[in-house]
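In UniProt numbering, the protein residues as written are 1 to 535.
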C-alpha cells in the first residue's frame, strides 16, 4: 500500500524495546466508540510512549520492530508468533507483520512484558452498529421462526401481508403461551407422586417396633440401627422440570421486554410476562420453594413419555427451542465479532425481504444453532432457507454454498448468500470493511467510502467462474454484489457512484446496507430479481 509508515507506538521493557509502525489512517465519520480515550496500557514492567493523534485499526497492515539482548518469545494474545531473529553486534533484531482482523483489545508481548493496545474499526460507530444488529438479528430469527411455525407446525391463520416479523412472533407467543400454561398446569396437578425410599441411622430406643435383628444388636451393645423409611414425594423430577421451564420462559420474555422499543405490542408482551410470573409464583408456593434453579432439561422417564399433558408441554418446549428465544450476546461476545455479525445480519435481512416481496410462504428457516441460547447459522445447501411461491416454484437462499464440479476449481465465496429458484443466481457478499489504499480510494471513491476493491474483483470471479457443470458451461450468476455499511449521509449519493452503475452494466458492483439505516437499495435489487423471474 502506498502509505508512509509512521511510528505509532514505542514500548520499552527491561530486556527489549519495540515500535509499531504503520500508516496514519483517516477514520470514517461517526460517533466515537465507547470505552475511554486511552488506547494502550503497559503489561508488567513495560513503559509505553504513544504518539499523539494515532490509533490502530482493523484490516490495516502494521509492522512491529523489536530489538532485544537475546532472542525472546514474542506473543500476540498469548499465542507465540513465528519470528526470525537476526544478530547485529551485541543485539538481536526481529520484524513482525501485524494485521488485526478483529476490533477490541490485544496484547503484544516480548517475553512477559509488553503492551495492551486497542484496535478500532474505521467506522467509528461500530459499537452502535453492533448493538443494532444483535437486536435486529434476534428479532429476525424470532420472527422468521414464528412465521415458519405459524404455517407449518402451528397454523394460526395469519396473513403474510398484514404481519411484520415482530407481530408474527408476538401473535405466536400469545397462542403458544396460552396452550403451554394450560397444559403445564394440567400436568402439574395430575402428575402422580413417587414412593421415595431413604435410609436413616436411628437410636434403637426410639423405634416403635423392634425387629429380631434390633434385639440382637441391643444384646451386643449396639445402640443404633440402619432403618429404611418410605414416603410419598410430590416434588418429582418431572415437576422440577415444569418449575424450571416456567422460570426460564419468564426470564427470556423479560429479556426481550427490556430490549424492545415497541409501544403497542409492548403491552401485549407485558401481559404474557405477568402471566408467567404469576404461574411461577403459584407453583413455587405449592412446592414450598423460593426459586427454581437450573435450566429445564426435557425428561425422558417412562412417566414423561406416557403422561399426555406432560407430553404436550414437551412439544411446546421443543417449539420454543426452534429459535423463538435466540440470544445474540451469548454467541458473539462483544463487538470484536462485528464482521461475522454483519454477515449473519445481511443474510437474514435478505431472507426477510425476499419473503416480504415475493409474498411466499417460508417453509424452511435458516438453520440456527441447536443451542437455543446461540445464534450460529449453518453453512451450505442443507442450511438453506426456502420460500414457496403461490405458483408452485420455490426460492432457496443459501449461506456459504459450495459450487463443485466446475471446469477449473471449486468456488466457495466467503460468506456469500445466493438467491436461486427463479433462473440465474444473484450473489451477495457482506463485508464490514472499507478500502484503505489512498490511491485506489482517490481513483474509484468519488469522494465516498467504498468497499475494498479486491472484494469487487472477487465478485467478477464468482460471476464468471460459477457455471453449469457440463458443456456448454453456461454462466449461472446474473449479478454479484458486495454489501457494505456505507455511513448514512453518503447513501443518497450512491446512485451516482460507478459501483452502483456497474451492477446494471456488467452485473457486478456494491450496494450500501447499514444497520439501522435504509434497506432501499437492497429491496430494489430483490424486486428486480423477482420481476425478472416472472413475478
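We put the beta carbon where it would ideally sit given N, CA and C, even for glycine. For clarity, every value in this text was computed on a predicted model and none was experimentally measured.
For residue j and residue i, the rounded distance between their alpha carbons
i, j, result
"residue 48", "residue 295", "47 Å"
"residue 515", "residue 352", "15 Å"
"residue 36", "residue 103", "Only weak support exists for where residue 36 lies, its pLDDT of 46 falling under 50; the coordinates are left without a value."
"residue 317", "residue 299", "11 Å"
"residue 523", "residue 307", "49 Å"
"residue 358", "residue 145", "18 Å"
"residue 267", "residue 247", "20 Å"
"residue 309", "residue 183", "5 Å"
"residue 223", "residue 203", "6 Å"
"residue 340", "residue 479", "23 Å"
"residue 312", "residue 281", "22 Å"
"residue 13", "residue 110", "8 Å"
"residue 191", "residue 239", "8 Å"
"residue 474", "residue 431", "28 Å"
"residue 168", "residue 66", "58 Å"
"residue 370", "residue 212", "Because residue 370 carries a pLDDT of 42, less than 50, the predicted location of this residue cannot be relied on, and the following value inherits that uncertainty. In a straight line, the C-alpha of residue 370 is about 58 Å away from that of residue 212."
"residue 272", "residue 291", "19 Å"
"residue 385", "residue 401", "12 Å"
"residue 315", "residue 528", "41 Å"
"residue 511", "residue 342", "14 Å"
"residue 530", "residue 517", "23 Å"
"residue 398", "residue 412", "12 Å"
"residue 11", "residue 355", "54 Å"
"residue 519", "residue 488", "11 Å"
"residue 440", "residue 456", "12 Å"
Collapsed DSSP secondary structure at residue i in the structure displayed
i, result
"residue 88", "strand"
"residue 14", "coil"
"residue 315", "helix"
"residue 250", "helix"
"residue 123", "strand"
"residue 484", "strand"
"residue 466", "coil"
"residue 325", "coil"
"residue 212", "helix"
"residue 514", "coil"
"residue 507", "coil"
"residue 477", "strand"
"residue 223", "coil"
"residue 379", "Residue placement at residue 379 is flagged as unreliable, the pLDDT there being 48, under the threshold of 50; the coordinate-derived value follows with that caveat. Residue 379 falls in the coil class under three-state DSSP."
"residue 236", "coil"
"residue 25", "coil"
"residue 7", "strand"
"residue 179", "helix"
"residue 343", "helix"
"residue 148", "helix"
"residue 497", "coil"
Short Cβ contact (9 Å threshold) for residue i with residue j
i, j, result
"residue 19", "residue 64", "yes"
"residue 482", "residue 428", "yes"
"residue 129", "residue 338", "yes"
"residue 68", "residue 91", "yes"
"residue 116", "residue 40", "yes"
"residue 70", "residue 15", "yes"
"residue 257", "residue 269", "yes"
"residue 59", "residue 100", "yes"
"residue 149", "residue 319", "yes"
"residue 289", "residue 245", "no"
"residue 498", "residue 446", "yes"
"residue 21", "residue 8", "yes"
"residue 98", "residue 62", "yes"
Exposure label - residue i; buried when at least 16 CB within 10 Å
i, result
"residue 505", "exposed"
"residue 472", "exposed"
"residue 463", "buried"
"residue 433", "buried"
"residue 274", "exposed"
"residue 302", "exposed"
"residue 84", "exposed"
"residue 470", "exposed"
Which whole runs of the beta strand (DSSP E) in the segment 414–463 are 3 residues long or more, in chain order? 416–420 and 425–430
Would you mind listing the beta strand (DSSP E) stretches within the segment 60–109 that are 3+ residues and don't spill past its ends, in chain order? 61–68, 74–76, 86–88 and 91–99
Run through the segment 253–296 for me and flag every whole beta strand (DSSP E) of 3 or more residues, listed as ranges in chain order. none
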